[in-house]
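Enquirer: I am attaching a structure below and will ask some questions about it afterwards.
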Amino acid sequence: MVSNWQVQQTDTTHNNLITSLSFVNDSLGWYCGTSGKIYKTTTGGQWLTAIELNSSEMPEGFELRQNYPNPFNSSTKIAFTIKDRGHYKLEVYSILGKTLDVIIDRTIHRVITR
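Spelled out as structure tokens, the structure:
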């Protein structure tokens, strides 16, 4: 979280979905979501100027292809290729951002195509 934003807890228990971003002037504003949090800034927020990338966390190569059939009802096939050894997690989300299934959550030691 950016240091000049403050979390204000609400009592909702839904998945995180952005619902509103509102400023009353150049400094005072709120960002609301369905995750039960409201973020408030009194300094106008803050621009991110640099994100440090840890290259050991990024695979050198992967490919995620279109699932088929698409659209689907109860099942679909998802093709992917992984070239680097590492821990991978492949999740399926609903259109509302809810996790529907975790297909892979493990370390893969070799090149794999599915």
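Numbering (my numbering), first residue to last: 242 to 355.
Glycine included, every Cβ here is placed at the ideal spot set by N, Cα and C.
Source: prediction; values computed, not measured.
Tell me which same chain residues have a C-beta within less than 6 angstroms of the C-beta of Y272, skipping the five on either side of it?
Expert: L262, Y280
Enquirer: Using a 10 Å radius around the Cβ and a threshold of 16 neighbouring Cβ atoms, would you call I336 buried or exposed?
Expert: exposed
Enquirer: Relative to the C-alpha of Y329, which residue among T283, K339, L269, R351 is closest?
Expert: Comparing C-alpha distances from Y329 to each of T283, K339, L269, R351 shows the shortest one belongs to R351.
Enquirer: For the beta strand (DSSP E) holding T322, just list the boundary residues, first then last.
Expert: 321 to 323
Enquirer: Using DSSP with H/G/I as helix, E/B as strand and the rest coil, what is V265?
Expert: coil
Enquirer: With respect to the beta strand (DSSP E) encompassing L337, which residues constitute its N-terminal and C-terminal limits?
Expert: Premise fails: L337 is in no beta strand (DSSP E) and is neither H nor E.
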